[in-house]
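Data block below; observations after.
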Amino acid sequence: MPQRRDSGKPFRESVQSLTFTLSSATMAMPISARSNGCVIRTQNAFPDLIAKQHMMRMLKAGCYALLLLLLAPPAKAQTREYQVKALFLYNFGQFVDWPADAPGGNAPFVIGVVGNDPFGRFLDDVVREEQFEGRPIVVQHYEHPSEIRSCHILFVGSHVRESLAAVAGRPVLTVGEGDDFIEAGGMIQFFNEQNRIRFLIRPSAAKAVKLTISSKLLRLAKITD
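So the sequence shown is numbered by the UniProt record's numbering: it starts at 1 and just counts up by one.
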């Protein structure tokens, strides 16, 4: 999650200028992908490490179209799907304003993962040596909701209702998946649509704890109340 900055281009234009796809065996990008002035030329297939390096380079260059246009693999299980979702988590913070009483100062910006952790080491690798508004970003892993401490973003891998209850009333952006996550009180829910990873947002749940989600992110999501 790079420090917030003005890219100098309309966000929608940035989003429309890049397409990222994942096949069942390899990751492929358009031969020439442009977003916010970055140009990346690729072959049709990359080993996992090279694919990850390209994704990270694009994110750090401000190529936020990755937030919308990634395809989940139909096969080779869930490895790349959760790499994509990890990158979403990494970027969500740029489009959310926390209230003054949220943990701040020099305290780290914390992304928590509770219950089942589908990311492996990928999310930790993504945030390593990164900053959010001058603060280090760290990932904290909680096996059970009772272990949840102070965090800014919480990915709920299991124990949905207990986890949401554990942070109820606190300015924590809750992210999860599964058809009932939003209904249970979550704020952002991943889902697959025509083999694309997308997300559903419930702005009222965020507003209730004084979180403000940017209209730029809302335009990329499906909205529910």
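Here a beta-carbon is modelled for each residue, glycine too, at the ideal position from N, C-alpha and C.
Could you spell out the range, first to last residue, of the alpha helix (DSSP H) harbouring residue i?
i: Leu220; result: From DSSP, Leu220 is part of no alpha helix (DSSP H); its letter is neither H nor E.
i: Gln83; result: 79-92
i: Ser204; result: 203-207
What distance in whole Å lies between the Cβ atoms of residue j and residue i, which are believed to be in contact at a cut-off of 8 Å?
i: Val209; j: Ile188; result: Between Ile188 and Val209 the Cβ distance is about 13 Å, and since that is not below 8 Å, they are no contact.
i: Ala102; j: Pro171; result: 4 Å
i: Lys216; j: Phe95; result: 6 Å
Within this structure, are the beta carbons of residue i and residue j separated by less than 9 Å?
i: Ile111; j: Ile148; result: no
i: Asp97; j: Ser214; result: yes
i: Gly93; j: Phe109; result: yes
i: Pro203; j: Leu218; result: yes
i: Gly185; j: Ala205; result: yes
i: Val113; j: Gln131; result: no
i: Pro145; j: Gly169; result: no
i: Ile153; j: Val84; result: no
Where does the unbroken beta strand (DSSP E) through residue i begin, and where does it stop?
i: Gln189; result: 188-193
i: Leu173; result: 173-177
Hey, how far is the Cα of residue i from the Cα of residue j?
i: Asn195; j: Tyr82; result: 14 Å
i: Phe122; j: Phe199; result: 20 Å
i: Val127; j: Tyr142; result: 17 Å
i: Val156; j: Lys207; result: 19 Å
i: Phe191; j: Gly134; result: 32 Å
i: Cys151; j: Gly104; result: 11 Å
i: Pro99; j: Thr212; result: 8 Å
i: Glu162; j: Phe181; result: 12 Å
i: Thr79; j: Tyr90; result: 17 Å
i: Asp117; j: His159; result: 12 Å
i: Asn106; j: Phe88; result: 24 Å
i: Asp225; j: Leu173; result: 16 Å
So is residue i in contact with chain B if we call contact Cβ pairs under 9 Å?
i: Ile153; result: This model lacks chain B altogether; it includes just one protein chain.
If you scan the stretch 111-171 from start to end, which runs of the beta strand (DSSP E) of 3 or more residues do you find wholly inside it? 135-142, 153-156
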